[in-house]
Every structure is written in C-alpha cells, then in structure tokens.
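What follows is a short report on a single structure.
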Amino acid sequence: MTKTIAIIGGTGALGTGLALRWAHAGHTVIVGSRTAEKAEAAAAELNAELGREAITGMENAAAVAAADLAILTVEQAAHEAALLSVKDALQGKVLLDATARLSFHELTPPVAPAAARRAQELLGAGVRVAAAFQTVPAAGLRKNITEPMDSDVLVCADDMDAAEAALALVHAAGLNGYYAGKLDNAITVEGLTSLLVSMNKHYKSRHGTIRVAGIRKE
Ligand SMILES: NC(=O)c1ccc[n+]([C@@H]2O[C@H](COP(=O)([O-])OP(=O)(O)OC[C@H]3O[C@@H](n4cnc5c(N)ncnc54)[C@H](OP(=O)(O)O)[C@@H]3O)[C@@H](O)[C@H]2O)c1
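The opening position of the sequence shown corresponds to residue 122 in the working numbering, with each subsequent residue numbered one higher.
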C-alpha cells in the first residue's frame, strides 16, 4: 500500500537518497527542512533527477502533519532539537529514526541509551519509534536508484506494527530488512556504524555496510 512519508531533515545526504528510492517505488514523499524554501528547492532537484513530480518540500512539522509516517534523518547533533520541533505533529504516528551517533575522530562506540530510545522518551508513548537504516551508506543509496542495493537493514522496535512499517519501507527502498529485536538493541546497530566507518577509512571506501548470514526468512 502506498504511503505518504515525511523525511525530517530530508535535504541531507541520507534523506535525499531515501526520498528518491521511495518515490521510485510509488510512495508519496515530502522532504522536510527547517525552512520551506530549502525543502522546496531540494524537492525540485530530486524531481528533476527522478524525471517526474513525485516529491514535495515543506517545513519539517508541516511535512510530518501531512504524512502517514515519518523518518528522522537530521545531522546527529540536531537529534533532540529536531524531535522537539515535530513532537506534536508526530502524535499517533510511527517514526523511523536513522540516527547513528559517531565521533568521527575517535570512532569509539556510542554510549547508551540508543538515539532511537532517546527519541521514544522525548516523544512519549503516543509515537511508536523504530530504529532503521543506521548502517546504510548514503552514497550507495543515491547510486542506481532503480536497482536493489547490496545491503541488509536491522530494524529495532518495541512495537511490532512500527517494525513492520519500517521493514516495508526498507523493502521499498530496494534493501533487505530484518527485525532485530527491541528498541534498546539499536545501540548495537549504532555501534556497527562506527565500526563500518572505521573500515571505510582503513580500506578507502564509502560503501561499507552489512549483510546477515544464517537466517532464512519464511
Ligand atoms: N550519511 C550517511 O551515510 C548516513 C548513513 C546512515 C545513517 N545516517 C544518519 O542519518 C542522519 C543524517 O545524516 P546525513 O549525513 O544525511 O546528515 P546531513 O546531510 O549532515 O544533515 C541532514 C539534515 O539535517 C538538517 N539539520 C542540520 N542541523 C540541524 C538543526 N540544528 N536542526 C534541525 N535540522 C538540522 C539539515 O536540514 P535543513 O538545513 O534542511 O533543515 C540537513 O540537510 C544522522 O543521524 C546520521 O547518523 C547517515
């Protein structure tokens, strides 16, 4: 079923890649930004790349209000501020949180609680949060958007409806998703991202990601 998806901070590296892939899959996508003008400009560029008008741009809270569900893809330092700016608009909805906190110099594992757990605490029980996409490199998403991407996505959520919504969007983006347990497990996925960035640096890559072995999905 097609959905209307708001991408909070959708003008950035990860958000634009997801916007293109979800629009290609037939979803209605609203790119969110702190300013409507920047969002509209980003949407126009993405539509030009896509070759049709499938993406609109709005200020973040307006984007969330107009959507069925939302994903947070803001710069990591803006996590709390961005969540507070859309808290009211998110009530009753599912939020995917892609945040992977990284210290780019030390590349040490992030400290618990997971960013997605922190989001759940800030937003309250009226919003169901799922963590997803933390290990997916934005550079890979923007390449060949009509092709599946060689990457698996671990989805963590306390609420199974939120997990299923996230898994459906993982699939729509051309990736392979796995339910990976409760929301607190997202801290481990954030740690994997730190590990992947270390590997990217060592092997001079921009595309490090993960694949799961040994699990057959029914
Ligand atoms: N890049 C990746 O490969 C990748 C992969 C997996 C997960 N992630 C995670 O995804 C998130 C986004 O990463 P990114 O690389 O896409 O980030 P980014 O390009 O640096 O920034 C994304 C957007 O954040 C918004 N933003 C910046 N400061 C803000 C503030 N103070 N308040 C509200 N919004 C603000 C900006 O949107 P406006 O100026 O339009 O408001 C910007 O376009 C991060 O948490 C990251 O850990 C990234």
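Think of the CB as a built atom: it goes at the ideal place given N, C-alpha and C, for glycine as much as any other residue.
All values reported here derive from a predicted model rather than from experimental measurement.
Near ligand 1: residue i beta-carbon under 7 angstroms from a heavy atom
i, result
"residue 159", "yes"
"residue 140", "no"
"residue 229", "no"
"residue 254", "yes"
"residue 238", "no"
"residue 167", "no"
"residue 154", "yes"
"residue 258", "yes"
"residue 217", "no"
Nearest-angstrom Cα separation, counted from residue j out to residue i
i, j, result
"residue 324", "residue 233", "28 angstroms"
"residue 190", "residue 145", "18 angstroms"
"residue 212", "residue 312", "29 angstroms"
"residue 199", "residue 173", "31 angstroms"
"residue 288", "residue 267", "18 angstroms"
"residue 207", "residue 318", "29 angstroms"
"residue 171", "residue 330", "25 angstroms"
"residue 231", "residue 221", "8 angstroms"
"residue 224", "residue 259", "18 angstroms"
"residue 310", "residue 165", "33 angstroms"
"residue 123", "residue 334", "30 angstroms"
"residue 245", "residue 226", "33 angstroms"
"residue 178", "residue 332", "33 angstroms"
"residue 201", "residue 130", "13 angstroms"
"residue 338", "residue 286", "17 angstroms"
"residue 326", "residue 314", "14 angstroms"
Cβ shell of residue i (< 8 angstroms), same chain only, five flanking positions each side left out
i, result
"residue 302", "277"
"residue 304", "235, 237, 238, 241, 250, 251, 252, 277, 278 and 279"
"residue 128", "136, 139, 140, 150, 151, 152, 153, 184, 191, 192 and 194"
"residue 336", "299"
Of the residues the options, the one placed nearest residue i, counting alpha carbons only
i, options, result
"residue 261", "280, 321, 204 and 286", "321"
"residue 175", "285, 231, 331 and 125", "125"
"residue 284", "227, 148 and 217", "217"
"residue 229", "308, 265 and 316", "316"
"residue 248", "221, 210 and 257", "210"
"residue 148", "290, 181 and 327", "290"
"residue 328", "181, 130 and 257", "257"
"residue 214", "282, 293, 339 and 314", "282"
"residue 168", "142, 338 and 181", "142"
"residue 203", "182, 186 and 188", "182"
Cutoff 7 angstroms; reference residue i; Cβ partners in own chain excluding five residues on either side
i, result
"residue 132", "152, 154, 159, 160 and 163"
"residue 219", "135, 192, 193, 194, 253, 254 and 255"
"residue 188", "125, 126, 127 and 151"
Spatial neighbours of residue i in its chain, beta-carbon cut-off 6 angstroms, leaving aside the 5 residues before and after
i, result
"residue 263", "138"
"residue 308", "233 and 235"
"residue 186", "210"
"residue 180", "157"
"residue 269", "295"
Short CB-CB distance (under 8 angstroms) between residue i and chain C
i, result
"residue 140", "The structure shown contains no chain C; it holds only a single protein chain."
The stretch 294-308 contacting the stretch 273-286, beta-carbon criterion three pairs below 8 angstroms: yes
For the 8 angstroms Cβ check, are there 3 or more pairs between the stretch 146-161 and the stretch 241-258? no
Okay, do the stretch 135-143 and the stretch 182-200 touch, 3+ Cβ pairs below 8 angstroms being the bar? yes
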